[in-house]
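S.K.: First, the structure itself, so that you have it in front of you.
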Amino acid sequence: MRIFTAVIAIAAGILVLGGYFFPALADIQTLLLNWAIILAGMAALVGIFNLISVHTDKVRRREKGSTYSAILVIALVATFVFGLILRPDHSAMAILMSGIIIPVEAALMGLLTVSLIYAAIRLLRRRADVMSIVFLITAALLILGSATLPFGNIPLLGTLVRPWITQVLALGGARGILIGVALGTLTTGLRVLFGADRPYGGN
381 MRIFTAVIAI
391 AAGILVLGGY
401 FFPALADIQT
411 LLLNWAIILA
421 GMAALVGIFN
431 LISVHTDKVR
441 RREKGSTYSA
451 ILVIALVATF
461 VFGLILRPDH
471 SAMAILMSGI
481 IIPVEAALMG
491 LLTVSLIYAA
501 IRLLRRRADV
511 MSIVFLITAA
521 LLILGSATLP
531 FGNIPLLGTL
541 VRPWITQVLA
551 LGGARGILIG
561 VALGTLTTGL
571 RVLFGADRPY
581 GGN
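Add 380 to the 1-based position in the sequence shown for this note's numbering, that's all there is to it.
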């Protein structure tokens, strides 16, 4: 059975990869990709139902944090139903996106920023090395250059220093991380394609 699943996975991978180089395999490649999209959608749907089931059980048993579970289930079901009835391009869905999801994401990013700065300060108190000092100074410059300050904007921070940090230093680091992720993904894909790793067979 493990050999059978390995043969199917390797054959599907070779056909999809070959579709990018041989036009005769384009139809088979499109068919396999459509199957993968359908399976991914069904897997996401199963995950959503499992999430609802877990939190519904917490509400039913009145465990600790069941109030948050109830809010999650109600919000998830309401958004799902509204999306099916009104369609994603309806103005009400845009209001939900701009009035709820985006502010929550902004609040989470703010909390993450404060947590990182607090962690950097604690790290400086324990071990003051060069990288910790650079990180703390960079975070302070970014906050001072982007936040609305009561005494007005600081010259050069928002117009020169912050764009240079975000567009030169941060972009260079992000490119390095993305290249590393791409190489790791390529290596993992080749190992699965040649049967060295078999996640579909339990190994």
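Each residue gets a CB set at the ideal place from its N, CA and C atoms; glycine is no exception. Here the structure is a predicted model, which means the values were calculated and not measured.
By the three-class DSSP mapping on this structure, what secondary structure does residue 443 have?
M.R.: Looking up residue 443 in the sequence shown gives position 63. Looking at residue 443 - three-state DSSP - the assignment turns out to be coil, as it is neither helix nor strand.
S.K.: Does the Cβ-Cβ distance between residue 466 and residue 472 come in under 7 Å?
M.R.: Mapped onto the sequence shown, residue 466 falls at position 86. Mapped onto the sequence shown, residue 472 falls at position 92. The Cβ atoms of residue 466 and residue 472 lie closer than 7 Å to each other.
S.K.: Check whether the region 409–428 and the region 391–399 are in contact - that is, three or more C-beta pairs closer than 8 Å.
M.R.: With contact defined as three or more Cβ pairs closer than 8 Å, the region 409–428 and the region 391–399 are in contact.
S.K.: May I have a chain-ordered list of the beta strand (DSSP E) segments no shorter than 3 residues that lie completely inside the region 433–514?
M.R.: List check, beta strand (DSSP E) in window: nothing returned.
S.K.: Do the region 474–488 and the region 511–519 make contact, defined as three or more Cβ pairs closer than 8 Å?
M.R.: No contact exists between the region 474–488 and the region 511–519.
S.K.: Alpha carbon to alpha carbon, how far is residue 542 from residue 558?
M.R.: Numbered from 1 along the sequence shown, position 162 holds the residue referred to as residue 542. Numbered from 1 along the sequence shown, position 178 holds the residue referred to as residue 558. The C-alpha of residue 542 lies about 22 Å from the C-alpha of residue 558.
S.K.: Within 10 angstroms of the Cβ of residue 399, are there 16 or more other Cβ atoms? Answer buried if so, exposed if not.
M.R.: For the purposes of this step, residue 399 is taken as the residue at position 19 of the sequence shown. Residue 399 sits buried, since 16 or more C-beta atoms from the chains shown fall within 10 Å of its C-beta.
S.K.: Along the chain, where does the alpha helix (DSSP H) that runs through residue 548 open and close?
M.R.: On the sequence shown, residue 548 is found 168 positions in, with the first residue counted as 1. Where residue 548 is concerned, there is no enclosing alpha helix (DSSP H), given that its DSSP letter is neither H nor E.
S.K.: Expressed to the nearest angstrom, what Euclidean distance is found between the alpha-carbon atoms of residue 497 and residue 519?
M.R.: Reading the sequence shown from its first residue, position 117 is the one you call residue 497. Reading the sequence shown from its first residue, position 139 is the one you call residue 519. Near 7 Å, if we compare the C-alpha coordinates of residue 519 and residue 497.
S.K.: Please tell me whether, using a cut-off of 6 Å, the distance from the CB of residue 459 to the nearest non-hydrogen atom of the ligand ADP is below it.
M.R.: Only the bare structure without any ligand can be found here, which leaves the ligand ADP out of the picture.
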